[in-house]
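Shown next, in structure tokens, is the structure this report addresses.
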Amino acid sequence: MRTSSYNILVNVDSKLNLFAILNGYTQAFDIVNKDVYLALKTERKLEDLPDVILSKLKKRGYVTPLTKIEEMKLVQGLSDRARENHLFQKYNFHFIVSYACNLRCIYCYEDNILNGCNSLSKKTMTLEQVDKAFEIITEKDKVNQSSKTIALYGG
12 MRTSSYNILV NVDSKLNLFA ILNGYTQAFD IVNKDVYLAL KTERKLEDLP
62 DVILSKLKKR GYVTPLTKIE EMKLVQGLSD RARENHLFQK YNFHFIVSYA
112 CNLRCIYCYE DNILNGCNSL SKKTMTLEQV DKAFEIITEK DKVNQSSKTI
162 ALYGG
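The numbering of the sequence shown is my numbering, which starts it at 12 and goes up by one.
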């Protein structure tokens with residue numbers, strides 16, 4: 012058993028000795044204490060961890076029975092599959108129906124764009140634009156019968 016080569020460890024709270032851990036290919040993300048951090052960092056202390064913690068670390072991909080080469084081949088296979096899926100990717104259509112949003116969400120990054128000196132138009136999509144959008148979607152459907160996603164934003 013060894014630490015995955017694809018872990019990213021970051022100290023997130025020096026006072027509480029808490030660390031964030033992210034595995035690049037399993038996409039697991041957790042906050043761990045200093046003991047777990049040190050075990051993952053040094054590998055020599057992995058066997059000192061309680062079985063329940065070691066089991067969870069293995070399940071999330073932070074520790075692995077694979078050699079570095081085996082793990083690299085696994086990640087290469089995942090990458091190849093992702094690239095292949097991208098080549099045959101489904102169509103995604105995103106429409107901003109209107110920039111005249113009135114929700115004022117605190118996390119919105121568009122507020123400065125919408126109301127700042129470079130204000131965007133507050134126009135709404137016209138029926139002609141909607142018809143043209145569906146015409147394009149129908150046209151694309153003739154070429155590629157894969158699934159589609161339509162996302163509506165704004166307003």
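Glycine is no exception: its CB is placed at the ideal position from the N, C-alpha and C atoms.
* To do: Tell me where the alpha helix (DSSP H) around L65 begins and ends.
  => Translated into positions along the sequence shown, residue 65 becomes position 54. It spans D62 to K70 - the alpha helix (DSSP H) in which L65 sits, taken as one unbroken run.
* To do: Can you say whether F30 is buried or exposed, counting buried as having 16 or more other CB atoms within 10 angstroms of its CB?
  => Counting from 1 along the sequence shown, the entry for residue 30 is found at position 19. So F30 ends up on the buried side.
* Asked: Can you give the Cα-Cα distance for F40 and L33, rounded to whole angstroms?
  -> For the purposes of this step, residue 40 is identified with residue 29 of the sequence shown, where counting begins at 1. For the purposes of this step, residue 33 is identified with residue 22 of the sequence shown, where counting begins at 1. Looking at the two C-alpha atoms, the distance is approximately 4 Å.
* Asked: Can you round the beta-carbon distance between S15 and G72 to whole angstroms, since I take them to be within the 8 Å contact cut?
  -> Counting from one through the sequence shown, the residue named residue 15 turns up at place 4. Counting from one through the sequence shown, the residue named residue 72 turns up at place 61. With a Cβ gap of about 6 Å, S15 and G72 count as contacting.
* To do: Measure how close the beta-carbons of T149 and F104 come, nearest whole angstrom, since I'm counting them as under 8 Å.
  => In the sequence shown, residue 149 corresponds to position 138, counting from 1. In the sequence shown, residue 104 corresponds to position 93, counting from 1. 11 Å between Cβ atoms; not a contact.
* Given I19, which residues of its chain have a CB within under 6 Å of its CB, disregarding the five upstream and five downstream residues? -> For the purposes of this step, residue 19 is taken as residue 8 along the sequence shown, with counting starting at 1. Within the same chain, I19 has close Cβ partners L33.
* Sequence-distant residues of the same chain with beta carbon closer than 7 Å to V43, five excluded per side -> On the sequence shown, position 32 is the one that residue 43 refers to. Correct list, in chain order: F30 and I32.
* **Own chain residues within Cβ distance below 7 Å of N28, not counting five before or after** => What you label residue 28 is simply residue 17 of the sequence shown in a count that begins at 1. Taken in chain order, the residues that qualify are N44 and K45.
* Please classify K159: does DSSP put it in a helix, a strand, or coil? => Taking the sequence shown and counting its residues from 1, the one referred to as residue 159 is at position 148. Reduced to three states, the DSSP call for K159 is strand.
* To do: Rank K101, M136, Y48 and Q38 by C-alpha distance to the C-alpha of V23 and give the top, closest one.
  => The residue given as residue 23 occupies position 12 in the sequence shown. V23 has its Cα closest to that of Y48, out of K101, M136, Y48 and Q38.
* Compare the Cα-Cα distances from G165 to each of T53, C116 and E95 and report the closest residue. => Position 154 of the sequence shown, counted from the first residue, corresponds to residue 165. Measuring from the Cα of G165, the nearest candidate turns out to be C116.
* **Beta-carbon separation (whole angstroms), M12 vs L51, contact threshold 8 Å** => Here the question's residue 12 lines up with position 1 in the sequence shown. Here the question's residue 51 lines up with position 40 in the sequence shown. Incorrect: roughly 11 Å between the Cβ atoms, too far for contact.
* Hey, quick one: how far does the beta strand (DSSP E) through Y102 stretch, first residue to last? -> For the purposes of this step, residue 102 is taken as residue 91 along the sequence shown, with counting starting at 1. Segment Y102 to S109, the beta strand (DSSP E) holding Y102.
* Asked: What span of residues does the beta strand (DSSP E) with D152 cover, start to end?
  -> Position 141 of the sequence shown, counted from the start, is the residue given in the question as residue 152. Looking at the DSSP string, D152 is not in any beta strand (DSSP E); the run it does join, the alpha helix (DSSP H), is L138 to V154.
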